[in-house]
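Position 222 (the sequence shown) corresponds to 226 in our numbering; numbering is contiguous. Below is one structure, written out as structure tokens, with a few remarks after it.
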Amino acid sequence: MSLNHVRPWRDIYRRKSRQIMVGNVPVGGDAPIAVQTMTNTLTTDVAATVAQVQAAAEAGADIVRVSVPDEASSQALKEIVRESPVPIVADIHFHYRRGIEAAEAGAACLRINPGNIGDEARVKEVIKAARDHNCSIRIGVNAGSLEKHLLEKYGEPCPEAMVESGLEHIRILQDNDFHEFKISVKASDVFLSAAAYQGIAEATDAPIHLGITEAGGLVSGTIKSAIGLGNLLWMGIGDTIRVSLSADPVEEVKVGFEILKSLGLRHRGVNIISCPSCARQGFDVIKTVETLEHRLEHIKTPMSLSIIGCVVNGPGEALMTDVGFTGGGAGSGMVYLAGKASHKMSNEQMIDHIVEQVEKKAAELEAAAEAAE
Ligand code: SF4
């Protein structure tokens with residue numbers, strides 16, 4: 005269930021899945037829904053890839069995936085794994101040797117479809133390498149690369165074909181007594197993805213990795229992902245997510261977290277509640293929110309901040325937030341602390357002052373959390 009259980013109309017009942025480990029991150033069961041992204045640097049460029057992994061982790065990524073297209077990348081992976089603050093998933097396509105090398109290099113998980121890597125002996129070798137190196141596997145069904153026999157059977161990529169593909173790969177792992185796997189059934193079409201995910205969620209108890217593949221650029225991809233992943237998460241489906249954007253991996257992580265935050269499934273950092281602004285605004289709301297988003301990026305403690313242009317909605321929103329500012333007249337506004345009007349502040353000094361108040365509140369919340377442990 006989500007953290008919102010005090011208000012039953014906000015409850016989300018998560019599908020019960022088996023829990024697996026991706027390195028030290030539990031995925032499935034009652035573990036928090038993990039946020040993932042993928043690097044887009046050359047894996048052989050270790051410094052650039054590690055920098056990207058670190059930036060993603062700093063933004064909140066729990067797990068990061070790295071492509072391993074050739075042997076040189078497998079070599080680089082070793083160093084990347086060593087430097088990474090989060091578990092690394094190795095993305096393997098078809099080539100079984102890369103799978104073995106990645107497991108040996110310390111990958112926490114292989115993204116590989118066992119049905120696509122050749123004969124039984126090869127499959128067994130990869131599974132053995134995964135088992136020997138404590139490496140889980142993600143089966144990644146993709147509507148764009150379904151097996152030929154399924155396309156012939158179903159005529160086109162459809163939810164049934166995707167579920168069948170997933171179950172075929174699952175069977176191979178199970179026949180080899182390998183159960184540390186999760187599965188995704190991605191498509192770039194929101195309807196197809198959602199239907200396939202619902203089908204696979206009913207057909208297996210494996211943890212599910214959610215994603216709308218090739219979702220597009222920052223704005224369109226965010227919307228597609230929010231609709232597709234949002235609906236599935238709301239239904240209780242999904243143990244780990246990746247928002248695929250033609251944008252910086254850090255943006256993917258931010259969007260992933262925002263989707264989870266919107267549904268009360270995870271909380272991280274400052275949740276800013278702000279009005280769209282209009283002629284009544286007592287200060288420049290849009291510019292202020294942009295600046296505050298940037299200046300408060302370092303805060304990881306979950307808390308809320310309302311930035312509202314005028315008294316029409318300001319006091320009401322401030323009631324529910326840890327820190328608030330509502331525009332007033334004559335170049336100043338009201339600062340709210342813990343829902344109560346506290347003191348006036350000039351618009352010029354307001355941003356620095358709000359940052360200070362938020363940092364203070366975050367420190368208080370962190371101290372209280374530590375004391376409770
Ligand atoms: S809160 Fe005030 S400034 Fe903001 S949109 Fe509403 S009326 Fe306009």
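Ideal Cβ placement from N, Cα and C applies to all residues, glycine included.
According to DSSP, simplified to helix, strand and coil, what is Val-247? coil
Taking the continuous beta strand (DSSP E) assigned at Pro-30, which residues delimit it? 29-31
In this structure, how does DSSP classify Asp-95 when only helix, strand and coil are distinguished? strand
Ignoring anything shorter than 3 residues or poking outside the region 226-312, list the beta strand (DSSP E) runs there in chain order. 244-246, 274-278, 307-312
Per DSSP, Ile-187 is paired with what? Ile-143, Ile-212
Run through DSSP, which three-state label would Ala-373 get? helix
So, for Arg-69: in the same chain, excluding its five sequence neighbours on each side, which residues have a beta-carbon less than 7 angstroms away from its beta-carbon? Gln-40, Met-42, Val-93, Asp-95, Arg-115
Option in Val-247, Ile-231, Pro-36, Glu-105 with minimal Cα separation from Ile-24: Pro-36
I need the boundaries of the beta strand (DSSP E) containing Thr-41, first residue and last residue. 38-42
In three-state terms, what does DSSP make of Phe-329? strand
Residue nearest to Val-293 in terms of C-alpha spacing, selected from Ser-281, His-302, Gly-148, Ile-303: Ser-281
For the ligand SF4, I want to know if Gly-320 counts as a neighbour, meaning its beta carbon is within less than 6 angstroms of at least one of the ligand's heavy atoms. no
Quick one: what's got a C-beta closer than 6 angstroms to Ser-384's C-beta in the same chain, skipping five residues either side? Since the displayed the chain opens at 5 and closes at 377, residue 384 lies outside it and no answer follows.
Would you give the residue range spanned by the alpha helix (DSSP H) that Val-127 belongs to? 124-136
So if DSSP puts Met-25 in a beta bridge, which residue, or which two residues, is it bridged to? Pro-30
Given a cut-off of 7 angstroms on the beta-carbon distance, is the pair Asp-243 and Ile-204 in contact? no
According to the Cβ coordinates, are Val-359 and Arg-299 closer than 7 angstroms? yes
Let me know if Tyr-340 comes out buried or exposed under the rule of 16 or more other beta-carbons within 10 Å of its beta-carbon. buried
Beta-carbon separation of Ser-308 and Asp-326 under 7 angstroms? yes
Inspect the beta-carbon positions of Val-29 and Cys-113 and report whether they are closer than 7 angstroms. no
Mind checking whether the beta-carbon of Gln-285 lies closer than 6 angstroms to any heavy atom of the ligand SF4? yes
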